Amino acid sequence: MPRVSVLTPIYRTDATHLRECIESILNQTFTDFEFLILNDSPDAKYLRDIVKSYGDKRIKYIENKNNIGISASRNKLLQMARGQYVAIFDHDDISVPTRLMQQVEFLDANPSVGVVSGFLQDFGVSNALRTVPADDTDIKITMTDKCCVWHTAAMIRKSVLTDNGIEYEEFYSPCEDYRLWARLMCVTHFHNLETVLVRYRTFENQTSARQHQRMDAKSRAVQLDIINRFPAYYAAWRNSDACSTRFRLRLFGKIPLLKVKHNWVQLFECIPLFKIKWK
Numbered sequence: 001m002p003r004v005s006v007l008t009p010i011y012r013t014d015a016t017h018l019r020e021c022i023e024s025i026l027n028q029t030f031t032d033f034e035f036l037i038l039n040d041s042p043d044a045k046y047l048r049d050i051v052k053s054y055g056d057k058r059i060k061y062i063e064n065k066n067n068i069g070i071s072a073s074r075n076k077l078l079q080m081a082r083g084q085y086v087a088i089f090d091h092d093d094i095s096v097p098t099r100l101m102q103q104v105e106f107l108d109a110n111p112s113v114g115v116v117s118g119f120l121q122d123f124g125v126s127n128a129l130r131t132v133p134a135d136d137t138d139i140k141i142t143m144t145d146k147c148c149v150w151h152t153a154a155m156i157r158k159s160v161l162t163d164n165g166i167e168y169e170e171f172y173s174p175c176e177d178y179r180l181w182a183r184l185m186c187v188t189h190f191h192n193l194e195t196v197l198v199r200y201r202t203f204e205n206q207t208s209a210r211q212h213q214r215m216d217a218k219s220r221a222v223q224l225d226i227i228n229r230f231p232a233y234y235a236a237w238r239n240s241d242a243c244s245t246r247f248r249l250r251l252f253g254k255i256p257l258l259k260v261k262h263n264w265v266q267l268f269e270c271i272p273l274f275k276i277k278w279k
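Just so it is clear: in the sequence shown, position 47 is 47 by our numbering, and no numbers are missing.
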């Protein structure tokens with residue numbers, strides 16, 4: 001039985017991007033894994049040819065007869081996974097060579113942690129470094145405001161999913177990862193390694209306006225559920241430095257004009273004008 005199952009659903013993936021994705025896993029310093037690649041675009045036969053061309057016994061190629069969607073595809077991969085740990089990995093990203101080793105070593109040393117992720121390094125149209133809180137409490141506090149566990153860089157202890165009957169929910173797609181973390185918040189601990197684990201590919205016009213609207217709506221639904229179930233974490237977020245300054249406006253980018261801090265709108269960033277209530 002492999003220690004790790006790497007799970008990658010693919011859908012009409014660019015050929016070059018898919019090869020870079022696959023090779024970043026095959027070149028890992030940690031080698032005791034199975035690599036499950038599920039094609040949810042059965043009409044794209046070129047994807048099968050690319051995956052099969054590697055001839056690596058650790059790769060298992062699966063092809064859906066019909067398109068079933070991202071959440072159902074992820075759940076199918078979870079059901080097939082034999083590893084103690086499952087590594088989530090998206091089809092056009094690149095894992096750093098030591099990613100799996102770092103995550104396995106951390107989970108082995110910290111049995112109370114069920115999910116470990118890390119930083120992302122953008123490449124393509126952006127070169128931003130995407131950092132996130134490290135420890136469990138800070139992660140859960142931040143979760144009341146936004147998702148702060150990068151899905152494509154996550155490794156999950158499979159037992160926390162199977163023992164609690166937790167899986168991806170299609171209703172929350174394309175924010176199915178945020179919903180998954182929300183459900184796991186009450187059954188396990190989280191940790192983010194303070195190092196880059198995955199290079200995250202960015203594109204021009206990565207999501208359409210319609211997709212943005214759907215993402216905002218589903219993300220908000222998950223956020224409200226977390227706030228209702230974890231009021232103490234939400235209170236901690238509202239009192240945090242990250243939440244205290246919600247908005248700044250500077251004339252010509254330099255002259256202080258308006259600031260919203262602790263619910264007060266301040267003129268010239270110092271004179272209180274009026275108080276507002278966030279919904």
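Heads up, the beta-carbon is just placed ideally off N, CA and C, and yes, glycines get one too. None of these values were measured; they are calculated from a predicted model.
Own chain residues within Cβ distance below 8 Å of residue i, not counting five before or after
i: Thr152; result: Ile88, Phe89, Asp90, Asp93, Leu120, Val198, Tyr200
i: Lys254; result: Residue confidence for Lys254 is low, a pLDDT of 49 falling below 50, so the modelled location carries little weight; the figure read from the coordinates is stated next. The answer is none, since no qualifying residue turns up.
i: Asn27; result: Pro97
i: Asn75; result: Glu167, Tyr168
i: Ser219; result: Lys146, Cys147, Cys175, Tyr178
i: Val104; result: Arg3, Val4, Phe30, Tyr85, Met155
i: Arg48; result: Asn39, Tyr61, Glu63
i: Asn66; result: Pro42
Interface flag, residue i vs chain D, CB-CB below 9 Å
i: Asp138; result: Although the question refers to chain D, the structure presented lacks it and comprises just one protein chain.
Beta-carbon contacts of residue i that lie in its chain and below 6 Å, excluding the five residues immediately before and after
i: Ile141; result: Tyr233, Ala236, Trp237
i: Tyr11; result: Asp40, Ser41
i: Ile156; result: Val86, Val115
i: Arg99; result: Leu197
i: Thr202; result: Asp122, Gly124, Val125, Ser126
i: Glu20; result: Ile94
i: Trp150; result: Ser117, Leu120
i: Asp32; result: Pro2, Arg3
i: Met101; result: Thr29, Phe30
i: Ile227; result: Thr144, Tyr234
For residue j and residue i, believed in contact at Cβ under 8 Å, the rounded distance
i: Val115; j: Ala81; result: Wrong, their Cβ atoms sit about 15 Å apart, outside the cutoff.
i: Val222; j: Tyr178; result: 5 Å
i: Ser173; j: Ser73; result: Not quite, the Cβ-Cβ distance comes to about 10 Å (not below 8 Å), so this is no contact.
i: Leu77; j: Leu7; result: 4 Å
i: Met215; j: Ala182; result: Between Ala182 and Met215 the Cβ distance is about 15 Å, and since that is not below 8 Å, they are no contact.
i: Glu170; j: Gly69; result: 6 Å
Residue interval of the alpha helix (DSSP H) (run including residue i)
i: Ser112; result: No alpha helix (DSSP H) holds Ser112; DSSP gives it neither H nor E.
i: Lys158; result: 158-162
i: Arg238; result: 231-238
i: Tyr172; result: Counting along the chain, Tyr172 falls outside any alpha helix (DSSP H), and DSSP gives it neither H nor E.
i: Asn75; result: 70-80
i: Ile141; result: 136-143
i: Thr16; result: 15-26
Residue range of the unbroken beta strand (DSSP E) whose run includes residue i
i: Lys45; result: Taken as a continuous stretch (DSSP letters only), Lys45 belongs to no beta strand (DSSP E), being part of the alpha helix (DSSP H) at 45-52.
i: Ser5; result: 4-10
Beta-ladder partner(s) of residue i, from DSSP
i: Ala153; result: Answer by DSSP bridge pairing: none, since Ala153 is not bridged.
i: Ser95; result: Val198
i: Gly55; result: Paired residues: none, contrary to the question.
i: Arg130; result: Leu120
i: Leu107; result: None; Leu107 has no bridge partner.
i: Asn192; result: Ser117
i: Ile88; result: Leu7
i: Glu63; result: Asn39
i: Phe33; result: Val4
heavy atom of the ligand GTP below 8 Å from residue i C-beta
i: Val96; result: No copy of the ligand GTP occurs in the structure displayed, which carries no ligand at all.
Cut-off 7 Å between Cβ atoms - residues of its own chain near residue i, not counting five sequence neighbours on either side
i: Leu184; result: Gly114, Val115, Val160, Ile166
i: Ala15; result: Tyr46, Ile50
i: Asp43; result: none
i: Lys52; result: Tyr61
- Report yes or no: do the region 54-63 and the region 23-42 share at least 3 C-beta pairs separated by less than 8 Å? yes
- Check whether the region 183-196 touches the region 132-139, taking contact to mean three or more Cβ pairs, one atom from each stretch, closer than 8 Å. Cβ pair count under 8 Å is three or more, so yes.
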